[in-house]
Structures are given as structure tokens and as C-alpha cells.
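The structure appears below as C-alpha cells.
2 protein chains.
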Amino acid sequence: MARPTIQDVAREAGVALGTVSNVLNHPNRVRSSTKKRVQNAMETLGFTPNQSARLLAGGESTMLGLVVPRLTHGYSLQIVSGVQREAERYGHHVWIANAADDVAAMAVCIQQFLSAQVAGLVIQSFDGHPLRNMAVPSRTALSCMDVQGSEPGYFAVADSQAEGTLVAEHLIAAGARHIAVLGISKHRAHQDRAQGIASVAQQSLEVHFEFIEEGDWCSASDGYELGERLAARQKSERPDALLALSDVLAVGAIAGVQAAGLQVPDDMLVAGCDGNPLAWTGGVPLTTVVPSGYEVGRRAVQQIMEQFDLAKLGELTGEPAPRVVDVHQAIVRPFLLPRESTGAMQKHGAKPDLNVGAYL
Amino acid sequence: MARPTIQDVAREAGVALGTVSNVLNHPNRVRSSTKKRVQNAMETLGFTPNQSARLLAGGESTMLGLVVPRLTHGYSLQIVSGVQREAERYGHHVWIANAADDVAAMAVCIQQFLSAQVAGLVIQSFDGHPLRNMAVPSRTALSCMDVQGSEPGYFAVADSQAEGTLVAEHLIAAGARHIAVLGISKHRAHQDRAQGIASVAQQSLEVHFEFIEEGDWCSASDGYELGERLAARQKSERPDALLALSDVLAVGAIAGVQAAGLQVPDDMLVAGCDGNPLAWTGGVPLTTVVPSGYEVGRRAVQQIMEQFDLAKLGELTGEPAPRVVDVHQAIVRPFLLPRESTGAMQKHGAKPDLNVGAYL
DNA sequence: TTGAAAGCGCTAACAG
DNA sequence: CTGTTAGCGCTTTCAA
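Below is the structure:
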């Protein structure tokens, strides 16, 4: 029993083929009694419109394609969430393709979405990978996340540099005068953060910044060793604040500092970057700066909608495809989450408050 | 500039339309020099085949649709990962739709995939929701995860009951004689675990099981209170083991027990369920039982492939669509992760080992 | 290999 | 509202 077609529905309902099509596409052109009859026929036959045929005949897709480099990272999950929420607001639905940490796979995902005629394409770049040569024809609405766009196009990026600036300034405001920066890595976001910190350093000559080029950004034990080592220094040479470029590293550092017999935040302030809820489970709540993936995702979808509007406008005025000429860049500011590890308000309660079930 | 078509490519390459089609679908029917020429033409024109047209003309889709109730849960992420990995092995790609905790949205996601003519559909049920009435036509290969299937069809489920059994038996083997079970909830998986525990209880009359009908499975502070309260009992009435139905609860319980002045595991064993990496960050590594979402996802895809094979066979022998009559159920066994909270081998080292960056 | 042609299921546009 | 028709881009088939 092959799939029922619009034709079968028409026969079943005793109406013309065109009427069924109208029920689907222009419901108000059809008398409601007829509409009912047709809808019943669809129900009894278990009819599902063939999207391929609709698209081919000139219909408009409503799907948005979202390509992420990986789904095992909280930031990407936030993006997914933001994209979905915003897309829903505009009546669009989202399909997600996961490139599983493989640049080549990413290109395939993009091609497949294009093949499938998605209305718009939202792509999170691969650690700043420019996505050039992935050849998205200008006809498809596109927004790239987490790339600095130098070419014409739409981009939504988290302001990593501002993340660094924000924590650094917070530490200084909290009284730090000798800040050790941990976790320098080749990772794009980390380098940007470091740069933001450096710019604060230049303007705060009374504060000594020490950039420590060691340790892996994703290993807590590296943080532990660094923290222990720095805490063991003589008081005069010892930093009074640690700024880790990732939360995982920061949590390790806190443990290391404590192991060396010092108190956080009393003897040493510690702050991280990432807004990684995992880090919130440690003994001392960690001050951190949060790049809002959620907001980045939302902005990207807004850019898609902007392109839809432009295209619609172009159609009305009869102009041809108004090729994108400008660089549209939405830069999303991070926010600071001040907590006890830098002496912020919240006191360390007895009860663990790791309400993290939602994340895993 | 509209999208280039197969026709444009043919003109550019100076070959017939049919030849281009052959390059796409039957590359070995074309001389390689001609093939090269056609491929170059595709490149220069930026040609992407129109999937709608291909499907409409009788082509086969290679995409698999995966519908999950939510993407913010580790178990679902594991499923995604398993589905992807296995699909890739068979040369299929996956699109993911996230129902964002909404049953109605789930039905929409399914419809959209069907509309898009996916080759197969993999669905994770909504907390055991039967997925009936979501009307998947029998033509599409389908596998449902986390539903007990009573009707004909393909199902892949984690054996929640075995999870309970496994931890309970482990605790008894570790010496427990009075086990308090925490976190009974309406959640399907939790009830199944409780049932598994109950069956162990029936067979181990020398062990006293105490089911505590309190506390929320997802709140660590509930665990804390329960742990503290139970630990405060007189030694004769005090359980010597806590079995929490979730890891979050278990971690809270450990903290509570310690707050009451007892040691884990020396004075009280504690075990959880979920395999939630978050819980691995606590002071005492938690023994837990892990439902393998990864494996469930893999099995589901294998079931899809099975259906493909059957369909292909049916085509060859000229039989009509061989309607699914049997209940095919893949039950995935959990595995135990024995750690220090139940006195397992690993000693609690000084360095924190929370290598969890991969999860968030 | 080529060129021509049928048809997949649907939309949009037409005259009635 | 009906009934008809052209055509979307492609695959497949067939005779040359």
C-alpha cells in the first residue's frame, strides 16, 4: 500500500485535486464544510504531504538547518537551545546536524541541508575555522556563529575578548594586585580571552600580571599543580589572584591552593571562564564569566529572519536577489557570575546546591 | 542567479543531461575522462543536486531522522552519539530534532521527518510515552527507544530494572545488610529501578531493605537531608548502605552523611544510578550504574538496518511490503561502575580527576 | 555514450 | 468551487 497522494485524498473526499491543494496551502479559499471533508479524508487515509513534491513545485521550506561541530559541549547545547527558541518564535523548526568534531563532516552536513532546500542555515564554526570553501550559494539565508567575519555575510559571535576583560577587571576591583593567568592554549577563544586580559593589564600599571604558559585548559589536575605551586611561593612573590582561562582549570587550581594550606578567597582569589556548571559543584563556588551561547543562537536566527525579510522585500519591488554586501556582525557580550571564590556576596552554605540534573 | 540544474551542468560540460545524471547515480557507467569533465563543470557552477527532485523521481533518501524529547540530558546525548556512530558505519547521516520537552512538538517533529522522506526514523520516547497515535506509516523504517513495546514493531530499551538489581546486588556483595533506598519518584525509569531492587530484596531475606518515599530525585539538597537524617539514627537502626535512584541525590546524600560525622564508605556505603559524570566530581568517587544510552542508540540503528534489509529482500522476491508483525525488542544491559563510595578498589587520590570538559 | 521522453506529487494559474 | 494543465529538477528507460 503505497503512500496516499493528494489525488487519493481528492477521490476519497469527492472533490477536485486542486481543492485539496487549496486546503493545504490556502485554507481560506475553501468553504469550511468542504475543508472538513477533505481533512477527514486525509485522516482516514493517513496522508502526509510529500515535502519533496511541494518544494519542487515551488513551495517554501520552513525548516532551518543548524550545524554544530559537536554536541558534547555545553556552549553548543546553549546555542541549540537559543536557536530553537528563537526559531519557534517565528514559526520555524530546526533540524540539527552534528559534525562530530570533523571538519570534513561539517562540509557534508552543510551540503545535505542545502540539498534538502532548507530555508536557512545556521552554522557554528569549528574553533574559528572560517568556513570558506564550504560554498553556500548566496540564495540561502545563512548565519555563521563564532567566526570573525571579514567577508560580507552574517555573523554572530561571543565576545571572548570581553570575557577576559570582564574577569580581569573584576579581580582588580576585588583587590587583586598580582594576577596569575593560567591556561594559555592554542584554542581560539582562550587566546582572545588572554588578549582581553592583556589589554586590561596595559591600562592597570599598578597591577602585576603574570602569564603562565603552562597547563592544559581542560585538565583539572594541571590546575591543581599550578595552584599548589603558586601558593607555595613566598608571600612577596605569590600572586594574590588566579585567573584561569577555563572553569575546569580554575576548580583544579582552587583545590591546589587549598592543598598548599591557603584559603580561597581569603589568601588568594580565583576566577575562571566558561560558565561551566560542572565547576559550580566544587567546595568554593567559582566566580566565572559566561559566554552566552543561548544569546548567540538567538541572534543568529534573528539574522536569518532579517535575510528573509530582505528577500521578501526584494520580491515585492521586483529586484533580483539583493546580494549581501556588508559584514553584519552581532557581538554578544558575556556576563560575569561573581561568587565566593573572589569574595563575592554568597556565603558558602553547608548544603551542596548542585542542581545540575538539567545539564546531563 | 538561480541555482544551477543538472541541465546547466550538462551544457557547461558539453554532455547530455542523462550523462550528468549517470555521473551522480551510476558513476561506473561513465568513462572517467567524461566524469572528470562533468565534475569540473559541477565545481565551477557550484552545483548542488536538488534532493527534492531526486527523491520525487524515485531516488532513495539516505537520511535518518532522530527525535529526542530533550537534548539537555546526558542520556539523550549518549543516544545521539550512539545513533550517529552506528549510522555512519552504514553510510547514513542523521538529522536530529529536539522536541524540547513537549509531547505535541514531538509529533510535529515526526511528521516533518516523514514529510521529508527520511529513510528511517529513530525516536526516543517521552518518559515511556507509548508514541501511539503518532501515526508512522508502516512504509518507513522505525525504531522506538525507551518504550516497552507491546505492539508489533522495533524497540530498543535500557533495562532500568536491571540497573536496580545490579546496584542492589553490588551493595549486598560489599557487605550491606540494611539498605535504604532513596528517591522514589513517578519517573518511569526510577520506578523500574525500584522494582529491580525489590526483586533483589525478595531473594535476600537476610538483608533489610527500607524504601524511603521522600525526596526529589533531581535535588542534591534532598539527598543531603536524607543522608544526614539517616546517619543520625542510633547505630542499631541505622542503614549501613544508601541506594539513591539518581546520582545527584547520591552525591547529596554523601555530603549529608559526612555532615552527620560518619565516613563513606567506612561507616556507610553509598551508591547511585545514572552514570552522571557530574557526580564524579564529589569528594568521594561515587559507585553508580550506567544505562548505556550509547548502546541503546546503536541498537536502534541496527534495527533500522534490519528493516532496510528486509525491505530490500521483499523487493527482490517481488513480495509486497512485508508488514511488521512481531515485537522486536532489544534490551540493553546496564553496567556497574564500582568506585570508592562502596569501598571499591580505587583510592581517593589527592588530585581531583574531573575530566569532564567533554561533557559540557 | 547520446538524445528524447515519461513521470514522481505537488503548486499555481487558468477558464469555466 | 471544479477540472485541467504546465512545470519544478531529477531518474530511469529506451532506441539510436
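In the order they appear, the protein sequences are chains A and B. Following the working numbering, the numbering of the first sequence begins with 1034 at its first residue and continues without gaps. Following the working numbering, the numbering of the second sequence begins with 1034 at its first residue and continues without gaps. For each residue, glycine too, the CB sits at the ideal point set by N, CA and C. Given the structure is predicted, the values throughout are model-derived calculations rather than measurements.
Practice prompt. Go to Ala1157 of chain A, then tell me how far its alpha helix (DSSP H) extends in each direction, as first and last residue.
Written response: In the first sequence, residue 1157 of chain A corresponds to position 124, counting from 1. For clarity, residue 1157 of chain A is Gln in the given sequence; the question names Ala instead. First-last for Gln1157 of chain A: 1153-1157, but that is the beta strand (DSSP E), not the alpha helix (DSSP H).
Discussion item. Just to confirm before moving on: does the CB-CB distance between Gly1326 of chain B and Ile1039 of chain B stay below 7 Å?
Written reply: Working through the second sequence from its first residue, we reach residue 1326 of chain B at position 293. Working through the second sequence from its first residue, we reach residue 1039 of chain B at position 6. With a cutoff of 7 Å on beta-carbon distance, Gly1326 of chain B and Ile1039 of chain B are scored as not near each other.
Item to complete: Step through the CB atoms of chain A and report whether any lies within less than 7 Å of the CB of Gln1150 of chain B.
Response: On the second sequence, residue 1150 of chain B is found 117 positions in, with the first residue counted as 1. Output row for Gln1150 of chain B: interface = yes.
Discussion item. Runs of 3 residues minimum, wholly inside the region 1186-1262 of chain B: which ones carry the beta strand (DSSP E) assignment?
Written reply: 1186-1191, 1211-1215, 1241-1245
Item to complete: Can you have a look at Leu1099 of chain A and say buried or exposed, based on whether 16 or more other CB atoms are within 10 angstroms of its CB?
Response: Numbered from its first residue, the first sequence carries residue 1099 of chain A at position 66. Leu1099 of chain A comes out buried.
Discussion item. For a cutoff of 7 Å on Cβ pairs, would you count Val1113 of chain A as touching chain B?
Written reply: Here residue 1113 of chain A corresponds to residue number 80 of the first sequence, with the count starting at 1. So yes, Val1113 of chain A belongs to the interface.
Discussion item. Which of the three DSSP states is assigned to Thr1320 of chain B in this structure?
Written reply: In the second sequence, the residue the question calls residue 1320 of chain B occupies position 287. It is a strand residue.
Practice prompt. Specify, as a first and last residue, the run of the beta strand (DSSP E) that Met1096 of chain A falls within.
Written response: Against the first sequence, residue 1096 of chain A aligns to sequence position 63. Met1096 of chain A -> beta strand (DSSP E) spans 1096-1101.
Worksheet item: Which residues of chain A have a Cβ atom closer than 7 Å to the Cβ of His1223 of chain B, listed in chain order?
Response: Translated into the one-based positions of the second sequence, residue 1223 of chain B becomes position 190. Within chain A, no C-beta atom comes less than 7 Å from the C-beta of His1223 of chain B; the nearest is roughly 12 Å away.
Discussion item. For Ser1109 of chain B, would you say it is in contact with chain A, using Cβ-to-Cβ distances shorter than 7 Å as the test?
Written reply: Here residue 1109 of chain B refers to the residue found at position 76 of the second sequence. No, its Cβ sits nowhere closer than 7 Å to a Cβ of chain A.
Worksheet item: Should Ala1191 of chain B be labelled buried (16 or more other beta-carbon atoms within 10 Å of its own) or exposed?
Response: Counting from one through the second sequence, the residue named residue 1191 of chain B turns up at place 158. Buried is the call here.
Fill in: Minimum C-alpha distance to Leu1278 of chain A - residue among A:Ala1293, A:Ala1201, A:Arg1271, A:Gln1267
As a working note, residue 1278 of chain A is residue 245 in the first sequence. With distances taken between Cα atoms, Leu1278 of chain A lies closest to A:Ala1201.
Discussion item. For Asp1135 of chain B, tell me which candidate among B:Val1329, B:Pro1371, B:Pro1102, B:Arg1062 has the shortest Cα-Cα distance.
Written reply: Position 102 of the second sequence, counted from the start, is the residue given in the question as residue 1135 of chain B. Of B:Val1329, B:Pro1371, B:Pro1102, B:Arg1062, the residue nearest in Cα terms is B:Pro1102.
Worksheet entry | For Ala1003 of chain A, the first and last residue of its enclosing beta strand (DSSP E) | In the structure as shown, chain A starts at 1034 and stops at 1393, and residue 1003 of chain A therefore has no counterpart that could be examined.
Item to complete: Would you check if the distance between the CB atom of Leu1204 of chain A and the CB atom of Leu1302 of chain A is smaller than 7 Å?
Response: On the first sequence, residue 1204 of chain A is found 171 positions in, with the first residue counted as 1. On the first sequence, residue 1302 of chain A is found 269 positions in, with the first residue counted as 1. Yes, Cβ-Cβ distance for Leu1204 of chain A and Leu1302 of chain A is below 7 Å.
Discussion item. Our contact map puts Asp1307 of chain B next to Thr1321 of chain B with C-beta atoms below 8 Å; I'd like the distance itself, whole angstroms only.
Written reply: Position 274 of the second sequence, counted from the start, is the residue given in the question as residue 1307 of chain B. Position 288 of the second sequence, counted from the start, is the residue given in the question as residue 1321 of chain B. Contact flag correct, Cβ pair sits at about 6 Å.
Item to complete: Using DSSP bridges, identify the partner residues of Gly1305 of chain B.
Response: Mapped onto the second sequence, residue 1305 of chain B falls at position 272. Answer is B:Thr1321, bridged to Gly1305 of chain B.
Worksheet item: The beta strand (DSSP E) spanning Asn1061 of chain B covers which residue range?
Response: Residue numbering aside, residue 1061 of chain B sits at position 28 when the second sequence is read from its first letter. That residue, Asn1061 of chain B, is in no beta strand (DSSP E); it is neither H nor E in DSSP.
Worksheet item: Taking the alpha carbon of Pro1367 of chain B as the point to measure from, which residue in B:Val1323, B:Met1338, B:Val1358 has its own alpha carbon closest?
Response: Indexing the second sequence from 1 puts residue 1367 of chain B at position 334. The option with the nearest alpha carbon to Pro1367 of chain B is B:Val1323.
Practice prompt. Measure the beta-carbon distance from Tyr1187 of chain B to Gln1336 of chain B and round it to whole angstroms, keeping in mind my assumption that it falls under 8 Å.
Written response: If you number the second sequence from 1, residue 1187 of chain B lands on position 154. If you number the second sequence from 1, residue 1336 of chain B lands on position 303. About 4 Å separates the two Cβ atoms, so the contact holds.
Item to complete: Give a yes or no on whether 7 Å exceeds the smallest Cβ distance from Thr1038 of chain A to chain B.
Response: What you label residue 1038 of chain A is simply residue 5 of the first sequence in a count that begins at 1. For Thr1038 of chain A, the answer is no, since every Cβ of chain B falls outside 7 Å of its Cβ.
Fill in: Residues that DSSP places opposite Ile1364 of chain A in a beta bridge
What you label residue 1364 of chain A is simply residue 331 of the first sequence in a count that begins at 1. Bridge partners of Ile1364 of chain A: A:Val1190.
Item to complete: Quick one: using the 10 Å Cβ neighbour count with 16 as the cut-off for buried, is Thr1105 of chain A buried or exposed?
Response: As a position in the first sequence, residue 1105 of chain A is number 72, starting the count at 1. By the neighbour-count rule (16 or more Cβ atoms within 10 Å), Thr1105 of chain A is buried.
Worksheet entry | Contact set between the region 1058-1085 of chain A and chain B, restricted to residues whose Cβ is under 8 Å from the partner | Here the close residues are Gly1079, Thr1081, Pro1082, Asn1083, Gln1084, Ser1085.
Item to complete: May I ask which residues mark the beginning and end of the beta strand (DSSP E) holding Ala1286 of chain A?
Response: Within the first sequence, the letter at position 253 stands for residue 1286 of chain A. Per DSSP, Ala1286 of chain A belongs to no beta strand (DSSP E); it is in the alpha helix (DSSP H), 1280-1292.
Discussion item. Please classify Asn1073 of chain B as buried or exposed, where buried requires at least 16 neighbouring CB atoms within 10 angstroms.
Written reply: Counting from 1 along the second sequence, the entry for residue 1073 of chain B is found at position 40. Asn1073 of chain B is exposed by the Cβ-count criterion.
Item to complete: Please work out which residues of its chain come closer than 7 Å, Cβ to Cβ, to Phe1159 of chain B, disregarding the five sequence neighbours upstream and downstream, and give them in chain order.
Response: Locating residue 1159 of chain B in the second sequence gives position 126, counting from the first residue. Closer than 7 Å at the Cβ level, and outside the excluded window around Phe1159 of chain B, lie Pro1102, Val1136, Met1139.
Discussion item. Taking a contact to mean a Cβ-Cβ separation below 7 Å, would you say Ala1189 of chain B touches Arg1332 of chain B in this structure?
Written reply: In the second sequence, the residue the question calls residue 1189 of chain B occupies position 156. In the second sequence, the residue the question calls residue 1332 of chain B occupies position 299. The criterion of a C-beta distance shorter than 7 Å is satisfied by Ala1189 of chain B and Arg1332 of chain B.
Practice prompt. For His1126 of chain A, go through chain B and note every residue whose CB falls closer than 8 Å to its CB, in chain order.
Written response: Position 93 of the first sequence, counting from 1, holds the residue named residue 1126 of chain A. Result: Ala1130, Val1141, Cys1142, Gln1145.
Discussion item. Taking the straight line between their C-alpha atoms, what separation do you get for Glu1258 of chain A and Val1116 of chain A?
Written reply: By one-based count along the first sequence, residue 1258 of chain A stands at place 225. By one-based count along the first sequence, residue 1116 of chain A stands at place 83. Straight-line Cα distance between these residues: approximately 39 Å.
Worksheet item: Do you know how far the Cα of Val1214 of chain A is from the Cα of Leu1295 of chain B?
Response: Locating residue 1295 of chain B in the second sequence gives position 262, counting from the first residue. Locating residue 1214 of chain A in the first sequence gives position 181, counting from the first residue. In a straight line, the C-alpha of Leu1295 of chain B is about 39 Å away from that of Val1214 of chain A.
Worksheet item: Are the CB atoms of Val1042 of chain B and Met1096 of chain B nearer to each other than 7 Å?
Response: Translated into the one-based positions of the second sequence, residue 1042 of chain B becomes position 9. Translated into the one-based positions of the second sequence, residue 1096 of chain B becomes position 63. Not in contact: Val1042 of chain B and Met1096 of chain B (Cβ atoms no closer than 7 Å).
Item to complete: In the DSSP assignment, find the beta strand (DSSP E) that holds Leu1127 of chain A and state where it starts and stops.
Response: Here residue 1127 of chain A is taken as the residue at index 94 of the first sequence, counted from 1. The displayed chain sequence assigns Val, not Leu, to residue 1127 of chain A. Taken as a continuous stretch (DSSP letters only), the beta strand (DSSP E) holding Val1127 of chain A covers 1126-1131.
Worksheet item: Of all Cβ atoms in chain B, is any one closer than 7 Å to the Cβ of Leu1370 of chain A?
Response: Against the first sequence, residue 1370 of chain A aligns to sequence position 337. Not one chain B Cβ lies under 7 Å of Leu1370 of chain A.
Worksheet item: What is the residue span of the beta strand (DSSP E) that Ser1176 of chain B lies within?
Response: By one-based count along the second sequence, residue 1176 of chain B stands at place 143. Here the beta strand (DSSP E) through Ser1176 of chain B covers 1174-1178.
Worksheet item: In chain order, what residues of the same chain lie with their CB nearer than 6 Å to the CB of Glu1339 of chain B, ignoring the 5 residues before and after it?
Response: Position 306 of the second sequence, counting from 1, holds the residue named residue 1339 of chain B. For Glu1339 of chain B, there are no CB contacts under 6 Å within the same chain when 5 residues up- and downstream are skipped.
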